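Participant: My questions all concern the structure below.
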DNA sequence: TCGATGTATCGAGGATTGTCAATATATGAG
DNA sequence: CTCATATATTGACAATCCTCGATACATCGA
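Protein chains in written order, with our numbering: chain A, 1 to 110; chain B, 1 to 110.
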């Protein structure tokens, strides 16, 4: 294999960091889950219960619950039970970390 | 279905925007592709040819080519042929757009 | 023109994912 | 306690995805 230019890859994401960040990005990489995050962030107190999501998303309750679980396990949202309901809110720090990882990748046009 | 709080969802991503952004996020939601983007951004001139990626990623040429195609179709990278090689570079605007979509979702802690 | 090399596509196999119906669990109301 | 309701889990199925070997295409050098 011939190289056309010097293969220098300083500052590249290592395997572990790539897996962790990719997990969060994959969680956000679904239209339904992206809208859920958007809904939670736009909700009055920055949080909403799962029961409010089914109707606008037009999905079954188990499906919504599944997506909430994916987002939870990716560290993107946190659920807090208040009586019968579980109020979910976005984890701002986690989102900012992801934005930070994406930031250095932005290069000046060649 | 009883509501525990007012279901107000102003500023929520509509279906189309959610699909478009989710496509890009899903493309980045794979450790291999995330590392590819990282590698391209960290490359000397902000670009690298595909031949340089196989070895550090330890993947076959068709697999690398496949991932490059996914990133390309998501608008995250652009490939420019120079003779036998195709030099890929990150599309900074696209990445910034994604970061912008993620930004408003960051709420102050309740 | 021919051979060598970088890249893209095709086809297939195995894994993962999104969705739902059915069911289980948890909490509050009466 | 019992019932109603919000949420979570299970099991299943179709669709999609990641990976590779084989192969086709593109470009350059001789």
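Every residue, glycine too, gets a C-beta built ideally from N, C-alpha and C.
Just so you know, these numbers come straight off a predicted model, no measurement behind them.
With 8 Å set as the bound, which would you pick, yes or no: does the beta-carbon of residue 95 of chain A sit closer than that to a beta-carbon of chain B?
Facilitator: Along the first chain, read from residue 1 onward, the residue named residue 95 of chain A stands at position 95. Yes, because at least one Cβ of chain B sits closer than 8 Å to the Cβ of residue 95 of chain A.
Participant: Residues in the same chain with beta-carbon distance under 7 Å from residue 101 of chain B, minus the five sequence neighbours each way, listed in chain order, please.
Facilitator: Stepping through the second chain from its first residue, residue 101 of chain B is reached at position 101. The residues are 21.
Participant: Going by DSSP, name the residue or residues bridged to residue 79 of chain A.
Facilitator: Residue numbering aside, residue 79 of chain A sits at position 79 when the first chain is read from its first letter. A:88.
Participant: What does residue 49 of chain B pair with, by DSSP beta-bridge criteria?
Facilitator: In the second chain, residue 49 of chain B corresponds to position 49, counting from 1. DSSP, once it has assigned bridges, lists B:87 as partnering residue 49 of chain B.
Participant: Roughly how many angstroms lie between the CA atoms of residue 24 of chain B and residue 98 of chain B, to the nearest whole one?
Facilitator: Reading the second chain from its first residue, position 24 is the one you call residue 24 of chain B. Reading the second chain from its first residue, position 98 is the one you call residue 98 of chain B. Those two C-alpha atoms are separated by around 8 Å.
Participant: With a cut-off of 8 Å, does the C-beta of residue 78 of chain B fall near any C-beta of chain A?
Facilitator: In the second chain, counting from the first residue as 1, residue 78 of chain B sits at position 78. Taking Cβ atoms only, chain A never reaches closer than 8 Å to residue 78 of chain B, which makes this a no.
Participant: Taking the alpha helix (DSSP H) that residue 16 of chain A belongs to, which residues open and close that run?
Facilitator: Along the first chain, read from residue 1 onward, the residue named residue 16 of chain A stands at position 16. 15-28 is the extent of the alpha helix (DSSP H) around residue 16 of chain A.
Participant: Give me the Cα-Cα distance between residue 60 of chain B and residue 71 of chain B, rounded to the nearest whole angstrom.
Facilitator: By 1-based counting over the second chain, the position of residue 60 of chain B is 60. By 1-based counting over the second chain, the position of residue 71 of chain B is 71. Each residue's alpha carbon lies about 17 Å from the other.
Participant: Using 8 Å as the limit for Cβ to Cβ distance, is residue 15 of chain B near chain A?
Facilitator: Taking the second chain and counting its residues from 1, one reaches residue 15 of chain B at position 15. Yes - at least one Cβ of chain A is within 8 Å of the one on residue 15 of chain B.
Participant: Go through its chain and collect everything with a Cβ distance to residue 10 of chain A's Cβ below 6 Å, but skip five positions before and after it.
Facilitator: The count along the first chain starts at 1 and reaches residue 10 of chain A at position 10. Below a pLDDT of 50, predicted positions are generally treated as unreliable, and residue 10 of chain A, at 41, falls in that range; the measurement from the model is reported next regardless. Contacts found: none.
Participant: Residues in the stretch 57-78 of chain A with C-beta within 8 Å of chain B's C-beta atoms, listed in sequence order?
Facilitator: If the cut-off is 8 Å between Cβ atoms, the stretch 57-78 of chain A has nothing near chain B.
Participant: Have a look at residue 103 of chain A and residue 96 of chain B and give me their C-alpha separation to the nearest angstrom.
Facilitator: Stepping through the first chain from its first residue, residue 103 of chain A is reached at position 103. Stepping through the second chain from its first residue, residue 96 of chain B is reached at position 96. Between residue 103 of chain A and residue 96 of chain B, the C-alpha separation is close to 8 Å.
Participant: Answer yes or no: does any C-beta atom of chain A fall closer than 8 Å to that of residue 81 of chain B?
Facilitator: Here residue 81 of chain B refers to the residue found at position 81 when the second chain is read from its first residue. Not closer than 8 Å to any Cβ of chain A, the Cβ of residue 81 of chain B fails to qualify, so no.
Participant: Which one of B:62, B:50, B:91 and B:44 has the shortest CA to CA distance from residue 83 of chain B?
Facilitator: For the purposes of this step, residue 83 of chain B is taken as residue 83 along the second chain, with counting starting at 1. Minimum Cα distance to residue 83 of chain B is reached at B:50.
Participant: Expressed to the nearest angstrom, what Euclidean distance is found between the alpha-carbon atoms of residue 63 of chain B and residue 86 of chain B?
Facilitator: Translated into positions along the second chain, residue 63 of chain B becomes position 63. Translated into positions along the second chain, residue 86 of chain B becomes position 86. Computed Cα separation, rounded: 16 Å.
Participant: Roughly how many whole angstroms lie between the Cα atoms of residue 15 of chain B and residue 66 of chain B?
Facilitator: Sequence index remark: in the second chain, residue 15 of chain B carries index 15 (1-based). Sequence index remark: in the second chain, residue 66 of chain B carries index 66 (1-based). When rounded, the distance between both Cα atoms is 27 Å.
Participant: Considering just the uninterrupted stretch of the alpha helix (DSSP H) at residue 42 of chain B, what are its terminal residues?
Facilitator: Walking along the second chain from the start, residue 42 of chain B turns up at place 42. Counting along the chain, the alpha helix (DSSP H) containing residue 42 of chain B begins and ends at 31-42.
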